[in-house]
Amino acid sequence: MGLNGAIHSDPFRRRNRFLTFVATGLLVFLLYIAHTFGTEYEIRILINCAIFIAMAVSYNFINGVTGQFSLAPNAFAAIGAYTSALLTMSPMEKQLSFIIEPIVWPLSVIHTPFLVSLIIAGMVAAFMGFLMGFPVFRVRGDYLAIVTLGFGEVVRVIANNTQSITNGPLGLKGIAHHTNLAWSWGFAIATIFFINRLIRSSYGLALKAIRYDESAAEAVGIDTFWHKMFAFIVSAFFGGIGGGLLAHLITTISPNLFTFFLTFNLLIIIVLGGLGSTTGSVIAAFVVTIGSELLRFFEEPIFIGGLHIPGIPGMRMVIFSLLLVLLMIFARQGLMGTREFSWNRAIDLMTAFRRYWESKK
Amino acid sequence: MKAKKVITAFVILAFLAALTVVLCCSKASDTVKIGVFLPMTGGVASYGQMEWAGIKTANELKPTVLGKKVELFLVDEKSDKIEAANAVSRLIKKEKVVAIIGTATSGNTMAGASIAEEAKVPIISPTATDPRVTQNRKYIFRVCFIDPFQGAVAAKYAFESLKARRAALLIDQAQDYCVDLANFFKQDFVKMGGSIVSSTFCQSGDQDFTAQLSAIKASKPDILYLPNYYTEDALVCKQAAELGVKVPILSADGAQAPELISIGGKSVEGFMFTGHFAKEGATTALAKQYIQSYESKNKTDASGFDALGADAYFVLIDAIERAKSTEGPKIREALASTKNFAGVSGVLSIGEDGNAKKGMVMLHVKDGKFRYLTTINP
Amino acid sequence: MIIDTSAFIQQLINGVSLGCLYGLIAIGYTMVYGILRLINFAHGDVMMVGCYFAFYGMLLFTLPWWASFLMAILLTALLGVLIDRGAYRPVRNAPRISALITAIGISFLLENLGLVLFGGRPKAFYRPEIFSGIHVFGEVRVLDLHVWTALLTLLIFILIYQIIYKTRIGRAMRCIAHDMETTRLMGVDLNRIIAFTFAIGSAAAAAGGIMWAMRYPQINPLMGILPGLKAFVAAVLGGIGNVRGAMLGGLLLGLIEILLVAARPDMAGYRDALAFGILILILLFRPTGLMGERLPE
């Protein structure tokens, strides 16, 4: 089974590839501008966007494309975060942090550079996904959701209780602030590229078949278990790296950081974008991350001398939950449905628009 | 199909609207901007709300500094570390504050500390008691005591005043504050000659402590050290009473919230804890002024968290006045040389290490109110 | 580890008491799942709202506690019906994932509305005098609450059981659970029956919630999450779709949870994960649960 090439032959493939290249270059340029002229606050938001884009795209891969409703991304993020943090902290720092119970060997002596720690984080998360897959894929639908949710909770509890590995509730502090625009956006672009490739390959077709009708897919000869497992592991891998990047952004992590709330955020993003559409996830990640910051404005009171504009704390989440419910009732397809962005369609659209414009003259 | 278009349009419009509002509402004024980040929602919202009430009262008593009005910016860190870091980032980069007051819990203060340290903006925390908050940092300060002191005082009080020799511990494992404090207590208590007869754990959010309490009852302790937040403390006391666990209970500053009494009811009578402030023990003129102002506005007794919120504000304003400038490094210097400032919670001095040298009060619950027991000086 | 008989009996009593509460909430889950094949994620939060109804009934309207509790139960039943009508019915014919996502959305909505309206600080729930006595038998202490919880749970359970197995509407519910399409073709008004199911389930949850709030007398908007999830596990443990199973599962889960923490206090931190551990084991080895209904697709 090959991962090369699109399934359908596309006469405009060379042109499209060139356009993608140019677009990526444009993005890099824009990021450079942000890096040079943007305030740290804006950069932080952009980094958050990138990490959530990557995590949403990989979450969409298992939920939207394969149709397996997992509620476990927070578990993988947690595993990835702790793994990469433990690897990049120097033995000295670890000793300082673990004041109640000393850290267990060999974790006490391992010290790796950032990139290596991220890759290992992804692999450990993927491995956990592999182990989880066996009980998880024994069930379907709602049960799968609850079981994955349960695993998320179990991971949190284990992180809280294994003092000698994770430092328990004390968490890890003083993690190096490695994550910057380059790392986060590099990761986001890599994730989008890789997942997109997967979706357009024959693997992707099989996964979509499973989403559409699992029993039929099984009947046609697709090994549904291993395909679902594959999607789950891939999703876990990228989720884990995302967690590692988050850890090196916030520089202090604890078990309470990776709760169902993180999953809920990702869920809103992929539903808003359209379950099954990578493009949708990217757009929605932007909207939700930035929207989240903007909505903050309504939550905070401003107190100056005599004037007091009260805020309503918590409105942000109410709005998001309401949005999710309304989406499901009225616009289940989200922004993009299952469609993806394609240069062909975009150019067709622009050409049609230009022709229309000219015909009006 | 139509619904989707409507939703898309709505999302885009809302987006643009919010963007415009935010961009247009930048205030340009001749004020001194001070940021505040506190948990106004979330698990420890009680502390944040109380501290904010204290800060507001202090602001009314001293609304200007260096001849300019003080402008306070409050950001809710939602009892969450990521939000705390974002809050500090926002205050510094977007609102461009000259100093920050916050936050209530040590973990969240640490989350924002490195950002402030890098930007050379001083943070002064009302109640972050973990020693690591100010360690190896130049721009982070606090107006409260630190946990090693708190644990030691508790151990000493238990051993000498209560004559306890056998201590049981019930520790909230989910909070580093609780775990650390229990550790400090244990070290000192054992050093003095006592013994820990039972060590059980719980988690924030737990409601049922009957199993742990049964184990504690069986170990026959002289005292139960319960260094947790008020929510768990209240329930533990109630269930202890139900199970017939008749042991004096000693706790820490996290217990001083009105919910402890409203939820615990009769079962918290006699509950003792090390704390920041008790109005009967107030000695300074500022304290009396504050108590009057606070109580007339808030219809409730002035208590530990709000008093320290006020102290953080007063100390900061005093430092800015002494520095005669709103530049970070200069405020920092002034803060690090605070000598014998007569604050609401007592007379305190802050040194290069960022920590406040001051006394601690022991409080207990009597007749349904927090009452002063005694003061202990370092 | 020495097993102290009186301590053991005490823990048994605690476990049964907790189990009754889980069972009451589990009934709601199992009924809705049996009929709609929907895990009502918001069920735990409905319980939370019930507690707040009771709380404010006493606080704002100064109703005597029994009137407030009754009103709360009725209002919560109404809430359940409203949620079904407003959020779940529109997605009835959509892929099941949509309904699940909607349920998650409603759950979060209730929690966050609660945070905004009621504030995140816990409030003290009133425990009426009649429930406040303690009976001491040597080392074992039995709370009045323990006794009342068990009695009321039994009462409610019998009531619901009678409704399901001895009334026409109950028969309709069972038919829908068995085969929705055919039942509809036979002329049964599905929507009405489903609404009724939600009403009963939510009322049971409210009752359980109120007793929970009396036992652990502090309420906050997030209080429903964990009990809700554990009650779901209890329903699966007993056999989802089966009301007797829900009760049994609830009792078992309550007992196991309390006994685990009693036997190994150092493992107390794992008590919440225990429920999920049980869930995973059940789904692996006996997916139909203890009282076994078939695990539907």
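Chains as they are written, first to last, in the numbering used here: chain A, 1 to 361; chain B, 362 to 739; chain C, 740 to 1036. All residues carry an ideal CB built from backbone N, CA and C; glycine is no exception.
query	result
Taking Cβ positions only, does B/Ile-465 come closer than 7 Å to chain C?	The residue you asked about is not Ile; residue 465 of chain B is Ala in the sequence shown. Taking Cβ atoms only, chain C never reaches closer than 7 Å to B/Ala-465, which makes this a no.
Could you tell me which residues DSSP pairs with B/Val-393 in its beta bridges?	B/Val-431
Is it right to say B/Gln-568 is buried, meaning 16 or more other beta carbons lie within 10 angstroms of its own, or is it exposed?	buried
Should A/Phe-21 be labelled buried (16 or more other beta-carbon atoms within 10 Å of its own) or exposed?	exposed
Could you tell me if C/Gly-872 is buried or exposed, where buried requires 16 or more neighbouring beta carbons within 10 angstroms of its beta carbon?	exposed
With 7 Å as the C-beta to C-beta threshold (strictly closer), list the residues of the segment 326-348 of chain A near chain C in chain order.	Met-328, Ile-329, Arg-332
Does A/Leu-324 have its Cβ less than 7 Å from a Cβ in chain C?	yes
Go ahead and pull the three-state DSSP assignment for B/Cys-598.	helix
Any chance you could list the alpha helix (DSSP H) runs of at least 4 consecutive residues sitting entirely within the segment 877-947 of chain C, in chain order?	883-905, 907-917, 919-924
Please classify B/Met-721: does DSSP put it in a helix, a strand, or coil?	strand
Does the distance from the C-beta atom of C/Gly-977 to that of C/Met-912 stay below 7 Å?	no
Name the one or two DSSP bridge partners that B/Tyr-733 has.	B/Leu-724
Using only the alpha-carbon positions, how far apart do A/Val-155 and A/Met-350 sit?	49 Å
Starting from B/Asn-659, trace the alpha helix (DSSP H) both ways and give me its first and last residue.	646-659
Helix, strand or coil: which one does DSSP assign to A/His-35?	helix
Would you decide whether A/Arg-354 is buried or exposed? Buried here means 16 or more other CB atoms lie within 10 Å of its CB.	exposed
For a quick check, are the C-beta atoms of A/Thr-191 and A/Ala-75 less than 7 Å apart?	no
Using a Cβ-Cβ cut-off of less than 8 Å, list which residues of the segment 760-792 of chain C approach chain B; keep chain order.	none
Quick check on C/Val-927 - is its C-beta less than 7 Å from some C-beta in chain A?	no
Should A/Leu-31 and A/Ala-85 be called a contact, given that it needs their Cβ atoms to be closer than 7 Å?	no
Spatial neighbours of B/Lys-442 within its chain, please: C-beta separation below 7 Å, excluding the five flanking residues on both sides.	Gly-468, Asn-469, Ala-472
Flag this pair as yes or no: are the beta carbons of B/Thr-464 and B/Glu-432 separated by less than 7 Å?	no
Which residue wins for smallest C-alpha separation from B/Ile-584, given the options B/Leu-574, B/Glu-593, B/Tyr-591?	B/Leu-574
Mind pulling the chain B residues with CB within less than 7 Å of A/Glu-40?	Ser-450, Lys-454
With burial defined as no fewer than 16 other Cβ atoms inside 10 Å of the residue's Cβ, what is the status of C/Leu-821: buried or exposed?	exposed
Is A/Met-128 buried or exposed, if buried means 16 or more other CB atoms sit within 10 Å of its CB?	buried
Taking a contact to mean a Cβ-Cβ separation below 7 Å, would you say A/Ala-126 touches A/Phe-52 in this structure?	no
At 8 Å on the CB atoms, spell out the chain C contacts of A/Phe-264, in chain order.	Ile-843, Phe-847
Quick one: does C/Ala-1012 have its CB under 7 Å from some CB of chain B?	no
If you draw a straight line from the alpha carbon of C/Gly-947 to that of C/Gly-909, how long is it in whole angstroms?	22 Å
Mapping DSSP to helix, strand and coil, what is A/Ala-331?	coil
Name, going along the chain, the residues of the segment 229-253 of chain A whose beta-carbon falls closer than 9 Å to a beta-carbon of chain B.	Leu-246, Leu-249, Ile-250, Thr-251, Thr-252, Ile-253
If you drop the 5 nearest sequence neighbours on each side, which residues of the same chain put their C-beta closer than 7 Å to that of A/Gly-242?	Ile-51, Ala-54, Met-55, Ala-77, Gly-80
For the segment 123-150 of chain A, list every residue whose C-beta sits within 8 Å of some C-beta in chain C, in sequence order.	Pro-135, Arg-138, Val-139, Arg-140, Gly-141, Asp-142, Tyr-143, Ala-145, Ile-146, Val-147, Leu-149, Gly-150
Compute the Euclidean distance between the alpha carbons of B/Ser-628 and A/Gln-68, then round it to the nearest angstrom.	50 Å
Across the segment 499-518 of chain B and the segment 433-440 of chain B, are there enough close Cβ pairs to call them in contact, namely three or more that are closer than 8 Å?	no
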